[in-house]
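These protein sequences, in sequence, are chains A and B. Under the numbering used here, the first residue of the first sequence is numbered 1, with each subsequent residue one higher. Under the numbering used here, the first residue of the second sequence is numbered 1, with each subsequent residue one higher. The C-beta atom is built at its ideal place from N, Cα and C for all residues, glycine as well.
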Amino acid sequence: MAALLKVNEVTKIYAKGQHPSLNKVSFNVAESEFIAIMGASGSGKTTLLNVLSTIDTPTSGSIIINGVNLKQLSDTGAADFRRDNLGFIFQEYFLLDSLTIRENISVPLTLQKLPPKKIEKMVRSLAERFGIASQLDKYPNELSGGQRQRASAARAIVKQPSILFADEPTGALDSSSATELLKTLKEANEELHTTILMVTHDAYAASFANRILIFKDGRIIQELLKQDTDRRTFYGAIARQVAKLDTER
Amino acid sequence: MNNLSMALKNLKNNFSFYALYLLSVSFVITVFFAFTSFSMNTVMLEKISGDGRVETMCSVISVFLMAFVVFYMSYSNRFFLRRRTKELGVYALLGYRKTTVLSLLTTENFLICFGAFIVGILLGSVFHKGIVFGITKLLDLSINNSEIPFFNINAIVKTACFIFAIVIVLVLSNSMFLFKTPLMGLVRFEKRAEQKMKFHAVPAIIGFCSIIFGYILALDILRGVKSVWFTIGFSPIAMLTLVLIVLGTILFIASFLPFVVQTGKNNKRKFYTETKIITSPNFIYRMRSNSKTLIMLTLLSAATLTVSSTMALTLYYPIASVSRIAPSEIECRIEDESEINAIKEIVGKHSSEKDVTFVETNIYKVTSSSEQLPMEYSIGNAKGDSDNEKILRNAGFECIPYSDYISLLEAQGRNKVFGQISKPHDSECILVKYQPASDNDETGNVYPLLIGNEEIPVTVTATTLDNPISFANSVGTLIVSDNLYHTIAESLSPETKVLSINGQSIEDNEALFLDLSNYLNNSPYLQGNSHRIHELFSLNSSTFLLIGFLVILFFIATGSILYFNNISAVTDSKADYEILRKMGYTNKKIKKIIKKQTITFFSIPFLLGLVDCIFATLIYKSALMQNILENSFMLYVPVLIAIMLTLVIYTIYYGMTVHTCCKTVLKR
């Protein structure tokens, strides 16, 4: 399958003389792939997510998403690129408190200047898929953590981004809410063919992905592939690998 | 770390945030100190207030000023407390007692008040000196400036005591907050969910109708004597209008505006745009907790705008009216022919120029048997009618010849008037109106004039507001043809002789006026154009100055509260703007959203206050001011200047607010 995201020799150094946060990182992500990035705190996961999502710029190397070299984007160009190609889910949900759930999910579509009828239809259909249709006219603070994160996921997916970045999406959720969300993301990946790049330190969450990249000191030190194994087996493999890395620390 | 070093550290770390607070409190104290210095300046008060009027006004305004400073400081203190609640909660979690936290807050307040006190005294003293200098120049007072100390010790003591009292009020308010809020409440204060807003059509409609009905009532005053303001009475209708507008404003802001914005969301085509989808819900969200502040600011703006507009009108209108009250530079009645030479001699002493003209006019009082006589005919013939009851007059028309009318206008430099009025024939006349004709214009009326044993009817061909003689010397003036005037002069003896003196070289000469006044034994018939303007300035300037102090304070407070309120809202939603950026909003679009959100909160108090001010000024002008000038755009220029000044101040505050908000949000 064609590579949607190409990361080539990307390095990020915040201050001269400091250890690089990303050290010549290279990998590709294919269309419709669900990939998880794992690693301990300070391993470079969040930095990677920031440079991939145009929020930060790498010191060297190139990132190409959907054929666009991110280095060549101006500030406005980067904003337009985020609007048209990227979706985000954060651990803290980051829903807009002053907007209802319906309005929150509608924002990315209004940015794309879609007609109101189409916006409403798309919002409703996705809200039903994410099980939050009855919550559409509520404000974020009236919802549970799980519902909020599903609303956040719906907002990220509704514009059908080329790639969805999820930063510790289950970090603030209880286990059943986390499972609900991960299942929904998996469904979106399989049925809507949404490409997902998820940063997590949780082996259980990572087991929903098809491929795992494990980071340490700004480098990819290992790649795990799910291939034909079932999720439980894959989970076991990830957990073992993480435990092994922990003992090597 | 002790309280002082912690307080200093906090102020230093949040310098940019506290800078405007310190600046605004310093301004407030500057105005307060300048006012106190002025009200305690015995040298100045002796000169401008003979009857204790200014002193009384000082005491009244001082109460308003103090109440206002306390309100403003309490509001700002509560605002900063809210912003730091979480931090204070953390101190408490670490084991700080609430009394220690309170003493930390008190130390900070004390430091800010002390800083403001020092700045206030320095700037206030300069401000006070400037005021003294301005008034001395304006009123041409002889004041020995060295008698007025730069620092007024009594004012410093009073200001220090007042600031101390404020600190006590703030300590009480802070301790009530700290001891009432549980520890968890402190830590989670910022996270506390706002109550969901309910949209009810009934209060929204009542608010809208109430405000509109209030304005209609205000407009009704234009119907003159037929309006409810006259038929029912001024006070009850004024009270009703005030209640309707205040109640209307409260419901309009708290219910109507959110209701309209919420209903506006149903217009999907307009709502689903990149700016509107953020700004409309944000407006409703902010209104949940900010409607009270907005209502208070709107009423404050309305009061500030109304006070400054009516003040501008009150200052300008009498000065504009001087051209009618005293059209000649100097004018007096001649009781004895010998007075004319004596007066000419006195004038000669003050001006050797040849530009001085002396016009003598014999005025003949003629009665008429008509049943429909103009109000000018009998004006001032009863006690209570006239401003100065020493000048009681007998009813009748006071006739002057057309040629004298032209000579007087020429001498007064009002050549433009010539073309407007044509020469009357022998059976015609021109009536000089006291007030502009409203519904009963006398043009075309026929008045039979009783001259000797004969009745000669004259038709009014025109009415004019350009009276050539002051109202003290002639009311109900009838300009007749020179022939008719001679006929009258043959059968009657003149009622009065008036001498009008004009010329550039004698303008604004108070010494000449004083000499003439002495010569004429303080005659009430002696009138002077420049003298009258001078008199108005000296009578009104202290009033305007004192009210000016209040207006300046209102402006500082309204602007600063709006500034703090918007900064607070934007800082609280900083994370929201970050999300918008991640979604693809450019910095330009985010700036647009911030500008729109801010302008909404600035424009509501300004626009509603402006409309309130327009209607209040209308009532003031129609009911409370004597109307002797023709309605013209020029009359409203001072009101417009006052409004424009307010707009400029609001715009400066708006610019500052948007700048700080954008800096806060877009700073990486």
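- For B:Lys344, the closest of B:Leu520, B:Glu147, B:Tyr96 by C-alpha to C-alpha distance is B:Leu520.
- A:Lys12 is not a Cβ neighbour of A:Val68, given a cutoff of 8 Å.
- Taking 8 Å as the threshold, the shortest C-beta distance from A:Arg83 to chain B falls below it.
- Using a CB distance cut-off of 8 Å, A:Phe130 does not count as an interface residue toward chain B.
- Residue pairing by DSSP puts B:Asn362 in a beta bridge opposite B:Lys497.
- Rounded to the nearest whole angstrom, the CA to CA distance from B:Phe358 to B:Ile469 is 13 Å.
- Under the Cβ distance rule, A:Leu111 counts among the residues neighbouring chain B, one pair being separated by less than 8 Å.
- DSSP places B:Leu65 within a helical segment (H, G or I) once states are collapsed to three.
- Taking C-alpha positions only, B:His659 is separated from B:Ala575 by approximately 18 Å.
- Looking only at B:Leu610, B:Leu536, B:Ile567, the smallest Cα-Cα distance to B:Arg83 is reached by B:Ile567.
- B:Thr367 sits close to B:Leu450, with the two beta carbons spaced by under 8 Å.
- Exclusion of the five residues before and after B:Leu305 leaves Gly609, Leu610, Asp612, Cys613, Ala642, Ile643, Thr646 as the residues of its chain whose Cβ lies within less than 8 Å of its Cβ.
- If you draw a straight line from the Cα of B:Ile363 to the Cα of B:Asp355, it is about 25 Å long.
- Per DSSP, the beta bridge partners of A:Leu5 are A:Val29, A:Ile65.
- With its beta carbon less than 8 Å from one in chain A, B:Pro281 belongs to the interface.
- Within the region 172 to 196 of chain A, no residue places its CB atom closer than 9 Å to a CB of chain B.
- A:Ala3 has a beta carbon lying at 8 Å or more from every beta carbon in chain B.
- It is roughly 52 Å from the alpha-carbon of B:Ala342 to the alpha-carbon of B:Gly233.
- Counting only residues of its own chain and dropping the five nearest sequence neighbours on each side, A:Ser53 has a CB closer than 8 Å to the CB of Arg82, Leu86, Phe88, Phe165.
- When DSSP states are grouped into helix, strand and coil, B:Glu442 belongs to the coil group.
- The Cβ of A:Leu99 sits closer than 8 Å to at least one Cβ of chain B.
- Taking 7 Å as the upper bound on Cβ-Cβ separation, chain A lies near no residue of the region 118 to 151 of chain B.
- Taking a Cβ-Cβ cut-off of 8 Å, the neighbours of A:Ser106 in chain B comprise Tyr272, Ile277, given in sequence order.
- Identification of residues in the region 577 to 591 of chain B having a C-beta nearer than 9 Å to some C-beta of chain A yields Glu578, Ile579, Leu580, Arg581, Lys582, Met583, Gly584, Tyr585, Thr586, Asn587, Lys588, Lys589, given in sequence order.
- DSSP places B:Thr275 outside any alpha helix (DSSP H), giving it a letter other than H or E.
- Under the 8 Å criterion on CB atoms, A:Ala79 is classed as interfacial with respect to chain B.
- Contact between the region 99 to 116 of chain B and the region 126 to 138 of chain B is absent: fewer than 3 CB-CB pairs across the two stretches fall below 8 Å.
- Between the region 534 to 554 of chain B and the region 55 to 63 of chain B there are three or more inter-stretch CB-CB distances shorter than 8 Å, so the stretches are counted as touching.
- Contact between A:Ala203 and A:Ala178 is ruled out by a C-beta separation of about 12 Å, above the 8 Å threshold.
- The beta carbon of B:Ser37 sits closer than 6 Å to the beta carbons of His128, Asn152, Ala155 from its chain, once the five residues preceding and following it are set aside; these are given in chain order.
- Each residue's CA atom was taken as its position, placing A:Thr229 and A:Gln241 some 16 Å apart.
- For the pair B:Asn144 and B:Phe252, the Cα-to-Cα distance works out to about 55 Å.
- Judged by DSSP secondary structure, B:Lys416 falls outside any alpha helix (DSSP H); it is assigned neither H nor E.
- In this structure, A:Pro116 lies near B:Arg269, with their beta-carbon atoms less than 8 Å apart.
- Assignment of B:Arg84 by DSSP, reduced to helix, strand and coil, places it in the coil class.
- Per DSSP, B:Arg269 is one residue of the alpha helix (DSSP H) stretching across 268 to 271.
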